[in-house]
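>
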Amino acid sequence: MSEATLQPVPANTTGIDRVRITQVEVIPVRIPFSAPFKIASGAARLTNDTLYVRLHTDAGITGLGETQAWRRQGSVETLASLIAAIETILAPHLTGRSPFAMNAIMADLDEALYNSFYAKAAIGDALMDLQGKLLGVPVHVLLGGRCRDWLEACAVLSIKPDFAETMDQARAFWDRGFTSFTFKVGLDTDADIRNTRTLREAFPDAILRIDANAAMGFDAAATLLERIAPYGIDAAEQLIALWDVEGMAELARRTTIPLMADECLGSDHDLMRIIQLRAARVLQTKVAKNGGIHRSRHLWALAHTAGMRIYPGNHPSTSVATASVVQLAAAWPGALLHGPFAVGITGALAADPVEQPLTMQGNRVLVPKGPGLGVTLDDDRIAALRVDL
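In the working numbering, the protein residues as written are -18 to 370.
1. Counting C-beta neighbours from all protein chains within 10 Å, is the total for Trp224 16 or more, i.e. buried, or is it exposed?
2. Using DSSP with H/G/I as helix, E/B as strand and the rest coil, what is Leu45?
3. What did DSSP end up calling Gly294 once you bin it into helix, strand or coil?
4. For Gly158, I'd like the list of residues in its chain whose CB is within less than 6 angstroms of its CB, leaving aside the five on either flank, ordered along the chain.
5. Measuring straight from C-alpha to C-alpha, what distance separates Gly272 and Leu71?
6. Within a Cβ cutoff of 7 angstroms, which residues of the same chain sit near Asp369, ignoring the five residues on either side of it in sequence?
7. Please confirm if the region 292 to 300 is in contact with the region 331 to 341, defined as three or more CB-CB distances below 8 angstroms between the two stretches.
8. With Ala100 and Ile67 assumed to form a contact (beta carbons below 8 angstroms), what rounded beta-carbon distance in angstroms separates them?
9. Closest to Leu309 by CA distance: which of Arg362, Asp106, Asn176 is it?
10. Would you tell me roughly how many angstroms separate the C-alpha atoms of Asp130 and Ala311, rounded to the nearest one?
11. For Trp51, tell me which candidate among Thr43, Leu252, Gly44, Ala61 has the shortest Cα-Cα distance.
12. Roughly how far, in whole angstroms, is the beta-carbon of His353 from the beta-carbon of Gly44, given that I think they are within contact range, below 8 angstroms?
13. I'd like the list of long-range same chain contacts for Ala195, defined as Cβ closer than 7 angstroms, with 5 residues on each side in sequence excluded.
14. Can you check whether the CB of Leu63 is closer than 8 angstroms to the CB of Leu32?
15. By the three-class DSSP mapping on this structure, what secondary structure does Ser161 have?
16. Do Ala134 and Phe322 have their beta-carbon atoms positioned less than 8 angstroms apart in this structure?
17. Spatial neighbours of Val324 within its chain, please: C-beta separation below 6 angstroms, excluding the five flanking residues on both sides.
18. Mind checking Pro119: buried by the 16 CB within 10 Å criterion, or exposed?
19. Which whole runs of the beta strand (DSSP E) in the region 130 to 174 are 3 residues long or more, in chain order?
20. Tell me the DSSP secondary structure of His319 in three-state form.
21. Thinking just about the alpha-carbon of each residue, which of Ala304, Ile255, Gly46 is nearest to the one in Ala287?
22. Buried or exposed: which applies to Val0, given that a residue is buried once 16 or more other Cβ atoms fall within 10 Å of its Cβ?
23. What's the gap between the Cα of Val386 and the Cα of Leu94?
24. Where do the N-terminal and C-terminal ends of the beta strand (DSSP E) with Val34 fall, by residue?
25. Relative to the C-alpha of Leu123, which residue among Ala210, Ala261, Ile274 is closest?
26. Given a cut-off of 8 angstroms, decide if Gln49 and Ala269 are closer than it, judged by their beta-carbon atoms.
27. Quick check on Asp169: buried or exposed, where buried means 16 or more other Cβ atoms within 10 Å of its Cβ?
28. With a CB to CB cut of under 7 angstroms and the five nearest residues on each side skipped, what residues in its chain are close to Pro142?
29. Please classify Ala260 as buried or exposed, where buried requires at least 16 neighbouring CB atoms within 10 angstroms.
30. DSSP three-state label for Asp360, please.
31. Are Ala203 and Leu240 touching if we call contact CB-CB under 8 angstroms?
32. Rounded to a whole number of angstroms, what is the C-alpha to C-alpha distance between Ala329 and Ala16?
33. Compare the C-alpha of Phe14 against each of Lys350, Gln337, Ile326, Ala365 and name the closest.
34. Considering only residues of the same chain and omitting the five flanking positions on each side of Leu358, which have a CB-CB separation below 8 angstroms?
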């Protein structure tokens, strides 16, 4: 794959070591879903609570990061608690410091507040966006250089009142060039078995994965895995409770379908436990859930060392957090599965409030070539979505 043409390094980069962060701005928005977004755990969502963090500097350059308030993912954070954590606890460790002191800053944030990866994700990604803009290069250059020109996304099929609607959704994605589906299960095991068969018969060449979002009991999950094994399922994602890693390991011993860890993975210690118990062969990270590019990169390296396949994921996000995943993936030299990292920009969200959304060709999201993350907020559109807390 050809190298991207990088923007010239600004002439004043000799002084960038003197640039300091002056303000940490939080921008809470509520973005509607295009249609109710339903998974097995919890009620259907009509809106997606999103938080942007914008770091201001004395050089007049800003850095941008995105996170979500997505509970039931090992997090209890809301928009209000995210803002409180950032403004009162984390921001004082940023103001007055160089955006290039990333390792020291992130270590200080960990010391100041345990876990809280959702809050730290937006800060870390904003730091990387800021570094790239100051140097005039994309984030993937900061991570070691570009290894791919695009990242292939899978289609996510949420739970519908009638499975015929899910099939219509799948056909629409297939016609757009998507070749892999992750469809939600976990409410009715018998229906899940029938629906798996229906999808496989309709799309014999598709890559099929299932995801219960930790909603199933052990016995139901074991039954489902046994009954759908003939249908060529590529992976089964987080079927049982996030705390039951031992149960996942037992399921893994009983099935030939590779299990995927998602909700049970927060920290590197969580991943070590998953590896030690052989509870999963596939790893999904989400930039918000797992602390942004900075921490997700470490998780990928650890998973790769353990021989796990990597499935780049995301909450339903706008182009900002999606760009974070794409930049991380662009610099990754190893294989990556078609992941659900672009669920927000492929149709789940009704708005993408950026000046220039990420470019898609079929199921491929192209790697942005601009400096930093390669995306900029559209402040007029943000104003229409902003919420006061």
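Even glycine gets a Cβ: it sits at the ideal position worked out from N, Cα and C.
This is what the structure holds:
1. Translated into positions along the sequence shown, residue 224 becomes position 243. By the 16-neighbour rule on beta-carbons within 10 angstroms, Trp224 is exposed.
2. Counted from its first residue, the sequence shown places residue 45 at position 64. Reduced to three states, the DSSP call for Leu45 is strand.
3. Taking the first residue of the sequence shown as 1, we reach residue 294 at position 313. Gly294: strand per DSSP, three-state reduction.
4. For this step, residue 158 is matched to residue 177 along the sequence shown. Once the five neighbours on either side are set aside, the close Cβ partners of Gly158 are Gly343, Asn344.
5. Reading the sequence shown from its first residue, position 291 is the one you call residue 272. Reading the sequence shown from its first residue, position 90 is the one you call residue 71. Approximately 14 angstroms between the Cα atoms of the pair.
6. Translated into positions along the sequence shown, residue 369 becomes position 388. Nothing meets the Cβ criterion.
7. yes
8. Counting from one through the sequence shown, the residue named residue 100 turns up at place 119. Counting from one through the sequence shown, the residue named residue 67 turns up at place 86. With 8 angstroms as the limit, Ala100 and Ile67 qualify as a contact, their Cβ atoms being about 5 angstroms apart.
9. Position 328 of the sequence shown, counting from 1, holds the residue named residue 309. The candidate whose alpha carbon is nearest that of Leu309 is Asp106.
10. Numbered from its first residue, the sequence shown carries residue 130 at position 149. Numbered from its first residue, the sequence shown carries residue 311 at position 330. Each residue's alpha carbon lies about 7 angstroms from the other.
11. Position 70 of the sequence shown, counting from 1, holds the residue named residue 51. Ranking Thr43, Leu252, Gly44, Ala61 by Cα distance to Trp51 puts Ala61 first.
12. For the purposes of this step, residue 353 is taken as residue 372 along the sequence shown, with counting starting at 1. For the purposes of this step, residue 44 is taken as residue 63 along the sequence shown, with counting starting at 1. The amino acid occupying residue 353 in the given sequence is Gly; His does not appear at that position. With 8 angstroms as the limit, Gly353 and Gly44 qualify as a contact, their Cβ atoms being about 7 angstroms apart.
13. Locating residue 195 in the sequence shown gives position 214, where the first residue counts as 1. Ser22, Gln219, Ile221, Ala222, Leu223, Glu244.
14. Your numbering for residue 32 matches position 51 in the sequence shown. Your numbering for residue 63 matches position 82 in the sequence shown. Contact check for Leu32 against Leu63 passes: the beta carbons are separated by less than 8 angstroms.
15. Residue numbering aside, residue 161 sits at position 180 when the sequence shown is read from its first letter. Looking at Ser161 - three-state DSSP - the assignment turns out to be strand.
16. What you label residue 322 is simply residue 341 of the sequence shown in a count that begins at 1. What you label residue 134 is simply residue 153 of the sequence shown in a count that begins at 1. Yes, these two residues count as a Cβ contact at 8 angstroms.
17. Residue 324 sits at position 343 when you count from the first residue of the sequence shown. Contacts found: Val137, Pro297.
18. Working through the sequence shown from its first residue, we reach residue 119 at position 138. The residue is buried, with at least 16 neighbouring Cβ atoms inside 10 Å.
19. 131 to 133, 136 to 138, 161 to 165
20. Taking the first residue of the sequence shown as 1, we reach residue 319 at position 338. Note: His319 maps to coil in three-state DSSP.
21. Stepping through the sequence shown from its first residue, residue 287 is reached at position 306. Cα-wise, what sits closest to Ala287 is Ile255.
22. Working through the sequence shown from its first residue, we reach residue 0 at position 19. Val0 is buried by the Cβ-count criterion.
23. Given that the chain is displayed from residue -18 to residue 370, the structure contains no residue 386 and the question cannot be resolved.
24. Residue 34 sits at position 53 when you count from the first residue of the sequence shown. From DSSP, the beta strand (DSSP E) with Val34 extends over 26 to 38.
25. Indexing the sequence shown from 1 puts residue 123 at position 142. That would be Ile274, whose Cα lies nearest to the Cα of Leu123.
26. Start at 1 with the first residue of the sequence shown, and residue 269 comes out as number 288. Start at 1 with the first residue of the sequence shown, and residue 49 comes out as number 68. Taking 8 angstroms as the Cβ cut-off, Ala269 and Gln49 qualify as a contacting pair.
27. Taking the first residue of the sequence shown as 1, we reach residue 169 at position 188. The residue is exposed, with fewer than 16 neighbouring Cβ atoms inside 10 Å.
28. On the sequence shown, residue 142 is found 161 positions in, with the first residue counted as 1. Taken in chain order, the list of residues that qualify is empty.
29. As a working mapping, residue 260 is identified with position 279 in the sequence shown. Buried.
30. Within the sequence shown, residue 360 is the residue found at index 379, counting from 1. Looking at Asp360 - three-state DSSP - the assignment turns out to be helix.
31. Sequence index remark: in the sequence shown, residue 203 carries index 222 (1-based). Sequence index remark: in the sequence shown, residue 240 carries index 259 (1-based). No, these two residues do not count as a Cβ contact at 8 angstroms.
32. Here residue 329 corresponds to residue number 348 of the sequence shown, with the count starting at 1. Here residue 16 corresponds to residue number 35 of the sequence shown, with the count starting at 1. Roughly 7 angstroms between the two C-alpha positions.
33. Walking along the sequence shown from the start, residue 14 turns up at place 33. Out of Lys350, Gln337, Ile326, Ala365, Ile326 has the C-alpha closest to the C-alpha of Phe14.
34. Reading the sequence shown from its first residue, position 377 is the one you call residue 358. Excluding positions up to five away in sequence, the list reads Ile8, Tyr33, Arg35, Leu45, Val301, Pro334, Val335, Glu336.
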